[in-house]
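A.B. asks:
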Amino acid sequence: QVQLVESGGGLVQAGGSLRLSCAASGFIFSDNNMAWHRQAPGRQREFVALITRAGSTNYRDSVKGRFTISRDNAKNTVYLQMNSLKPEDTGVYYCTVVLSRNYWGMGTQVTVSS
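If you count the sequence shown from 1, position 6 lands on 946 in the numbering used here, and the numbers rise without skipping.
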């Protein structure tokens, strides 16, 4: 079955960095686009970043220049390097893949203090 397991979240001060990881299994990782979404308290989930199977990337405007999505097909893992973090980046970060339907991991909490 499809599994997405996120890790790497935590508490960090504004201006700090975190690197999130998502270990994927149950599907052909290298054949699929992977994405990160996030959900802040009291808000809807929102798109953060996407990496295609070819390695092209796309970001929401508010994280451009600060976040970098990457993938390691040999490890079936997608990463999100987050630099210059801001309090508004606080939320639960989810790894996602679209197969026959959308699949989500359980998420990892990121808290940025001011």
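By construction, the Cβ of each residue, glycine as well, lies at the ideal position given by its N, Cα and C atoms.
Everything numeric in this text was worked out from a predicted model, so none of it was measured.
Tell me whether residue 946 is buried or exposed, calling it buried when 16 or more other Cβ atoms sit within 10 Å of its Cβ.
C.D. replies: The residue labelled residue 946 in the question sits at position 6 within the sequence shown. Buried, because 16 or more other Cβ atoms sit within 10 Å of the Cβ of residue 946.
A.B. asks: Could you check whether residue 1033 and residue 1050 sit closer than 8 Å to each other, using their CB atoms as the reference points?
C.D. replies: Along the sequence shown, read from residue 1 onward, the residue named residue 1050 stands at position 110. Along the sequence shown, read from residue 1 onward, the residue named residue 1033 stands at position 93. Cβ atoms of residue 1050 and residue 1033: closer than 8 Å.
A.B. asks: Would you say residue 967 and residue 1037 are within 8 Å of each other, going by their C-beta atoms?
C.D. replies: Walking along the sequence shown from the start, residue 967 turns up at place 27. Walking along the sequence shown from the start, residue 1037 turns up at place 97. The answer is yes: Cβ separation under 8 Å.
A.B. asks: I'd like to know whether the C-beta atoms of residue 962 and residue 1031 end up nearer to each other than 8 Å.
C.D. replies: If you number the sequence shown from 1, residue 962 lands on position 22. If you number the sequence shown from 1, residue 1031 lands on position 91. No.
A.B. asks: DSSP beta-bridge partners for residue 1036?
C.D. replies: Numbered from 1 along the sequence shown, position 96 holds the residue referred to as residue 1036. Residue 1036 pairs with 975 and 1044.
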